[in-house]
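Encoded as structure tokens, the structure appears first; notes follow it.
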Amino acid sequence: KDRSSSMDSKELKETCLKHTMYSWGKRSAVDPLPITRTEGVYMYTPEGKKILDFNSQLMSVNIGHGHPKVVQAMKDAADGVTYVFPGTATEPRAKLSKKLAGLMPESINTFFFTLGGADANENAIRMARLYSGKQKILARYRSYHGGTNLCIALTGDPRRWGNEPGPNGIVHFFDPQPYFFSFGATEEERTEKSLLMLDEQIQYEGASTIAAIIIETVTGTNGILPPPKNYLTGLRALCDKYGILLICDEVMAGFCRTGKMFAFEHFGIVPDLVTVAKGLTASYVPLGAVCVSDKIAKHFDDHVFWGGLTYNAHAFCCEVACAVIDVYVDEKMADKAVKMGAVMRGHMERMQAKHKCVKAFRQIGLFGMMDLQNAEGELICGYNGSHPAMGALGKHFKEQGLFTFVRWSHFMCNPPLIISEEEMAEAWEIIDAGLTIVDGMI
Ligand code: PLP
Numbered sequence: 006k007d008r009s010s011s012m013d014s015k016e017l018k019e020t021c022l023k024h025t026m027y028s029w030g031k032r033s034a035v036d037p038l039p040i041t042r043t044e045g046v047y048m049y050t051p052e053g054k055k056i057l058d059f060n061s062q063l064m065s066v067n068i069g070h071g072h073p074k075v076v077q078a079m080k081d082a083a084d085g086v087t088y089v090f091p092g093t094a095t096e097p098r099a100k101l102s103k104k105l106a107g108l109m110p111e112s113i114n115t116f117f118f119t120l121g122g123a124d125a126n127e128n129a130i131r132m133a134r135l136y137s138g139k140q141k142i143l144a145r146y147r148s149y150h151g152g153t154n155l156c157i158a159l160t161g162d163p164r165r166w167g168n169e170p171g172p173n174g175i176v177h178f179f180d181p182q183p184y185f186f187s188f189g190a191t192e193e194e195r196t197e198k199s200l201l202m203l204d205e206q207i208q209y210e211g212a213s214t215i216a217a218i219i220i221e222t223v224t225g226t227n228g229i230l231p232p233p234k235n236y237l238t239g240l241r242a243l244c245d246k247y248g249i250l251l252i253c254d255e256v257m258a259g260f261c262r263t264g265k266m267f268a269f270e271h272f273g274i275v276p277d278l279v280t281v282a283k284g285l286t287a288s289y290v291p292l293g294a295v296c297v298s299d300k301i302a303k304h305f306d307d308h309v310f311w312g313g314l315t316y317n318a319h320a321f322c323c324e325v326a327c328a329v330i331d332v333y334v335d336e337k338m339a340d341k342a343v344k345m346g347a348v349m350r351g352h353m354e355r356m357q358a359k360h361k362c363v364k365a366f367r368q369i370g371l372f373g374m375m376d377l378q379n380a381e382g383e384l385i386c387g388y389n390g391s392h393p394a395m396g397a398l399g400k401h402f403k404e405q406g407l408f409t410f411v412r413w414s415h416f417m418c419n420p421p422l423i424i425s426e427e428e429m430a431e432a433w434e435i436i437d438a439g440l441t442i443v444d445g446m447i
């Protein structure tokens with residue numbers, strides 16, 4: 006069913022460009038993709054052009070588009086309580102929090118529902134500060150934590166620059182895997198050296214001033230970087246040594262993307278606070294949450310939590326999240342991500358063997374990225390840089406009907422977890438041809 010087909014692509018684009026603002030760019034440079042229908046791993050233009058979604062939109066439509074059980078749940082939810090003020094006790098709020106408590110580690114049983122990832126991070130930081138009585142937050146350079154004033158200051162990537170100066174009290178530290186510099190040849194070395202450096206930095210900053218360290222458990226947009234061996238257990242130990250809270254931002258990595266319900270489950274740690282959004286509803290409706298460990302929740306038994314939102318625990322959105330979580334569990338989506346992740350890795354290895362422009366790739370579940378190189382074996386462009394071959398690759402993807410993000414020296418590989426082997430092969434056929442174009446331009 007194509008409900009918006011009263012406008013063709015041209016009219017859709019012109020009207021959206023005239024009357025709306027787009028994100029992170031100049032209005033004159035925006036070229037929006039006109040979409041009137043989505044289903045499974047595909048999107049369709051008004052004229053019926055089929056586009057394979059190889060990024061799950063913003064790494065968020067994990068269960069694919071238009072899942073019939075979720076669509077039905079949305080219709081049913083419209084007949085129930087759609088919205089009441091946050092001071093109410095509703096069944097969707099009760100059901101969703103109970104479900105999440107069942108999925109989280111034993112020590113995490115309390116949830117503060119927001120509208121998305123940024124306000125989840127805002128409120129996690131607020132809780133960390135109120136709980137600890139300390140103000141400073143440490144965050145990493147290769148990170149994105151959201152577009153609000155505080156979250157863009159936490160963010161390490163260049164989206165922060167245009168928003169500076171930001172609020173006080175945020176200090177950035179180096180990731181175990183910086184863009185150019187290396188802490189060592191082995192994972193063990195990278196873990197050891199980067200944590201030693203962080204330990205020293207904590208001492209300079211003053212542990213008594215630091216409320217929390219926030220990390221993306223597996224870094225998303227800034228490189229799809231699973232942490233090196235023992236990094237997270239080491240980081241957890243550092244936090245415990247200095248009385249600093251650990252916040253894991255699982256907005257992108259959570260909900261089966263990496264092959265586990267939550268990415269921290271791979272690495273043997275339990276965070277003090279976890280933030281989620283995107284996959285929580287597979288983006289069918291906006292919803293995020295701060296997942297709060299018992300010790301922090303208990304603090305707020307008799308201390309005021311100085312935060313609130315009109316749409317805190319929005320009943321309709323909580324009901325939809327329940328249906329999406331049932332799909333993750335009933336359809337074993339984490340296992341699907343593992344199985345299809347292995348298939349994707351096979352394609353990535355094949356591309357690396359075939360194309361001289363492929364420098365490296367990373368993949369954990371269906372969370373993946375390929376880095377491209379120049380003839381000298383260096384990343385094809387610098388940090389925040391561009392290269393004509395990357396422009397040509399993006400153009401090829403667009404023309405051939407593959408939707409994904411091409412940024413700096415890399416392109417994203419994050420399809421919906423329901424992708425089939427045939428659909429995966431279709432995507433890599435387009436990528437294969439695109440890499441041939443890049444080979445010819447380096
Ligand atoms: N944290 C991470 C890791 C993200 O990837 C994002 C969004 O891309 C956010 C936070 C912000 O989420 P939202 O855009 O829902 O505010």
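According to the working numbering, the sequence shown is numbered sequentially starting from 6. The beta carbon of each residue, even a glycine, is placed where N, CA and C say it ideally should be.
*For Tyr-88, does the three-state DSSP call read helix, strand or coil?*
Secondary structure of Tyr-88 (DSSP, three-state): coil.
*Near the ligand PLP: Met-132 beta-carbon under 7 Å from a heavy atom*: False, no ligand heavy atom lies under 7 Å from that Cβ.
*asked:* I need the straight-line Cα distance from Ala-94 to Tyr-316, nearest angstrom please.
replied: Put simply, the backbone Cα of Ala-94 is about 14 Å away from that of Tyr-316.
_Secondary structure of Lys-23, DSSP reduced to three states_ = In the structure shown, Lys-23 sits in a helix (DSSP, three-state: H, G or I).
*Along the beta strand (DSSP E) that carries Ile-142, what are the first and last residues, could you check?*
Counting along the chain, the beta strand (DSSP E) containing Ile-142 begins and ends at 141-145.
*Are there three or more Cβ pairs, one per stretch, closer than 8 Å when the segment 160-167 is compared with the segment 185-201?*
By the Cβ rule, the segment 160-167 does not count as touching the segment 185-201, because fewer than three pairs are nearer than 8 Å.
*So is Ile-124 buried or exposed if we call it buried at 16+ other beta carbons inside 10 Å?*
One point to set straight first is that residue 124 is Asp, not Ile, in the sequence displayed. Flag for Asp-124 reads buried.
*Look up Arg-367 in the DSSP assignment and give the residues it is bridged to.*
DSSP lists Met-374 as the bridge partner or partners of Arg-367.
*Can you tell me the Cα-Cα spacing of Met-356 and Val-363, whole angstroms?*
Annotation: Met-356 to Val-363 spans about 7 Å, alpha carbon to alpha carbon.
*Below 8 Å between beta carbons: does that hold for Gly-264 and Ala-342?*
In this structure, Ala-342 lies closer than 8 Å to Gly-264 by Cβ.
*Inter-residue spacing [alpha-carbon to alpha-carbon] between Lys-100 and Phe-305*: Approximately 22 Å between the Cα atoms of the pair.
*Measuring CB to CB, does Ile-423 end up less than 8 Å from Gly-69?*
Against a cut-off of 8 Å, the Cβ pair of Gly-69 and Ile-423 comes out as a contact.
*4-residue-minimum alpha helix (DSSP H) runs that sit fully inside the segment 92-139, ordered along the chain*: Complete alpha helix (DSSP H) runs here, min 4: 96-108, 122-137.
*With distances taken between CB atoms, is the gap from Met-429 to Met-374 smaller than 8 Å?*
No; because the gap between Cβ atoms is not below 8 Å, this pair is not in contact.
*Cβ-heavy atom distance between His-415 and the ligand PLP below 7 Å?*
Not under cutoff, so the answer is no.
*Report the option in Gly-387, Ala-328, Met-446, Val-256 whose CA atom is closest to the CA atom of Ala-82.*
Of Gly-387, Ala-328, Met-446, Val-256, the residue nearest in Cα terms is Ala-328.
_Given this structure, state the Cα-to-Cα distance separating Asp-444 from Lys-403, to the nearest angstrom._
Straight-line spacing of the CA atoms in Asp-444 and Lys-403 works out to 18 Å.
*When every heavy atom of the ligand PLP is checked, does at least one fall within less than 7 Å of the C-beta of His-177?*
No.
*the ligand PLP heavy atoms versus the CB of Tyr-149: any closer than 7 Å?*
Look at Tyr-149: its beta carbon is less than 7 Å from one of the heavy atoms in the ligand PLP.
_Delimiting residues of the beta strand (DSSP E) encompassing Ser-298_ = Element bounds for Ser-298: 293-298.
*Could you tell me if the beta carbon of Glu-221 falls within a distance shorter than 7 Å of some heavy atom in the ligand PLP?*
Within the cutoff, so yes.
_Here's the rule: buried if 16 or more other CB atoms are within 10 angstroms of the residue's CB, otherwise exposed. What is Gly-122?_
Under the 10 Å beta carbon count, Gly-122 is surrounded by 16 or more other beta carbons and is classified as buried.
*In chain order, which beta strand (DSSP E) runs of at least 3 residues are fully inside the segment 306-373?*
For the segment 306-373, whole beta strand (DSSP E) runs of length 3 or above, ordered along the chain, are 363-369.
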